[in-house]
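Worksheet for the structure shown next.
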Amino acid sequence: MKKFNKSFLWGASSSAFQIEGAWNEDGKGESVADFNSFKRSKIQADSTVASDFYHHYHEDIKLMQEMGLQVYRFSIAWSRIIPDGDGEINQAGIDFYNHVIDDLLAADIVPFVTLYHFDLPLALAKKYNGWENRDCVIAFCRYAEICFKCFGDRVKYWQVINEQNLMIRVDERMNLWNTPLEKREQVRAQMDYHMFLANALVILNGHQLIPDGKFGPAISSTMTYPATSKPEDVWGAKMNDNFKTNYALEMYCYGKYPGYYLNYLKKIGVKLNTLPDDSEILATAKPDFIAVNYYRTLMAQYLPTDNNHSLGMRRNDIDFDLYGYFQIVNNPQLKASEYGAQIDPLGLRLVLNEYYHQFRLPLIITENGLGTADKINKQGEINDQYRIDYLRNHIVACYKAIEDGVNLVGYCPWSVLDLLSSHQGFKKRYGFIYVNRSDFDLKDLRRIPKASFYWYQQVIKNHGLKD
Ligand code: BG6
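Numbering (the working numbering), first residue to last: 55 to 521.
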């Protein structure tokens, strides 16, 4: 048996724009995530209705209780609380999250709130070009303080920003698509810096306002294998981890960028606008935990510069290549999901070991899951054995990481119910609970627990795996 400690928290995750729907109801403002989803409205579902959690939250939380969830990680939509990001407060938004939090507590489920999950209020993107401007930091700190004051009596676990280290790579998520290419890396680096600063200020304020609260970032984890044993490839693989994740962890935990990152900024001619007090703010704000989102591993090799590509030039988006450093290649040792994520439970054990032994902070997994199509059979059931296998293997990896000495305190797979996948709409499902809709047909939005729901219920009840 693989039994976990009784204090280990079993949960599940979601994010606002991917489940709530009601995108403009009761005063909610449009977010960058809405805007981007509407650009795809003709090819897949958008955030208009999503899983309609906004109108189903009561019944959904009852199902979470039936599953036995001990913690639910979800996000608050900034533009539901402050529709234009830094103006009037929308009481209806506060009321909604009060209902959700109260329902969770009544069901004995710990609320674990993310303040910002890819959904910057669109008005701030228009007004300030979002995070490029320091005023966006001020707006975020105000929003966070409003949340702390409204919900902090009941919410003690706060994730400040979801996957800043991934979001910053995606031009669309940062609203960077209209920034001229020659300015893009300067703007991107400035936005990234401002988000680190915002994270630090919010953690400092959170510790003041909610003394028994715990605050931390959620990181999109990266584990990169070298394509060969050539030292250049091993270095390239390490730099891929460094540029995509480790530089951010260093900033969160130690308040400074590492030398390799500063050198890179210098080489590509980026100069950050900072203020004298920033370094102290960044150094004193200490996270209480690191939340880890894990789906897959990568493989990389060294990518030399050439006549047309100078040092530090980027190629591609999310899993970008960097000239003079690394290039992502396919790993023939691993099977991938139909959407290309290379499935690798052992990679999770490696990631947990690396982050814990480097930063010595409690870790909690806030995302891990298999995105794939599900089918309802004639009996009206969804037998998602493939998802059970995926989750089981990753839970074994967690168990082994704990045996290795990692302080892993909880596991919240993605996702509690089917939701809007950012790039594949409703075709790609992650949930324990099926939502009866397709990309273009809302059907009855009925909730149907999948086989994985009943399996996870037993895992929670048994505090782990029986075999
Ligand atoms: C994570 C995000 O990066 O990956 C989630 O935090 C997202 O919001 C998840 O849904 C899975 O990615 P996708 O593209 O399948 O939705």
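Just so you know, even glycine gets a beta-carbon here, dropped at the ideal spot from N, CA and C.
**Request:** Decide if K429 is buried, meaning its Cβ has at least 16 other Cβ atoms within 10 Å, or exposed.
**Result:** With fewer than 16 other Cβ atoms within 10 Å, it is exposed.
**Message:** By the three-class DSSP mapping on this structure, what secondary structure does G378 have?
**Reply:** G378: coil per DSSP, three-state reduction.
**Request:** Would you please state the rounded distance, in angstroms, between the beta carbons of W468 and N422? I believe it to be under 8 Å.
**Result:** Right, the Cβ-Cβ distance comes to about 6 Å (below 8 Å), so this counts as a contact.
**Prompt:** When we look at the beta-carbon of D173 and count the other beta-carbons within 10 Å, is it buried (16 or more) or exposed?
**Reply:** Looking at its Cβ environment, which holds 16 or more other Cβ atoms inside 10 Å, D173 is buried.
**Prompt:** Per DSSP, what kind of secondary structure is Y182 in: helix, strand or coil?
**Reply:** Three-state DSSP puts Y182 in a helix.
**Message:** For I97 and D493, I'd like the C-alpha separation in whole angstroms.
**Reply:** Approximately 8 Å between the Cα atoms of the pair.
**Message:** Between which residues of its own chain and P503 is the CB-CB distance below 6 Å, once the five residues before and five after are set aside?
**Reply:** Same-chain partners within the cutoff: I487.
**Message:** Using only CA atoms, which one of G378, N78 and R369 lies nearest to R238?
**Reply:** Here the closest residue by C-alpha is R369.
**Request:** Report the option in G184, L400 and F380 whose CA atom is closest to the CA atom of W446.
**Result:** Checking the sequence, you will find Arg at residue 446 rather than Trp. Distance from the Cα of R446 is smallest, within the candidate group G184, L400 and F380, for L400.
**Message:** So for E12, helix, strand or coil by DSSP?
**Reply:** Nothing can be reported for residue 12: it is not among the residues displayed for the chain, which extend from 55 to 521.
**Asked** Where does F172 fall in DSSP's three states?
**Response** In the structure shown, F172 falls within a coil segment according to DSSP collapsed to helix, strand and coil.
**Request:** Below 6 Å CB to CB, which residues in the same chain sit around D518 once its five sequence neighbours on both sides are set aside?
**Result:** According to the sequence provided, residue 518 is Gly. The question's Asp does not apply to it. Within the same chain, K56, K57 and F58 come within 6 Å of G518 by CB-CB distance, once the 5 residues on both sides are set aside.
**Request:** Quick one: measure Cβ to Cβ for R223 and F374, integer angstroms, because I've assumed they're closer than 8 Å.
**Result:** Indeed they touch by this definition, with Cβ atoms about 6 Å apart.
**Message:** Could you check whether A354 and G309 sit closer than 8 Å to each other, using their CB atoms as the reference points?
**Reply:** The beta carbons of G309 and A354 sit no closer together than 8 Å.
**Request:** Flag G479 as yes when its Cβ comes closer than 7 Å to any non-hydrogen atom of ligand 1, and as no otherwise.
**Result:** Set against 7 Å, the gap from the CB of G479 to the closest heavy atom of ligand 1 is not smaller.
**Item:** Which of helix, strand or coil DSSP assigns to L159
**Value:** L159 falls in the helix class under three-state DSSP.
**Message:** Would G394 and A345 qualify as a contact pair, given that the criterion is a beta-carbon distance under 8 Å?
**Reply:** No.
**Prompt:** Should the stretch 228-248 be called in touch with the stretch 291-299, which here means at least 3 C-beta pairs below 8 Å?
**Reply:** Touching, no.
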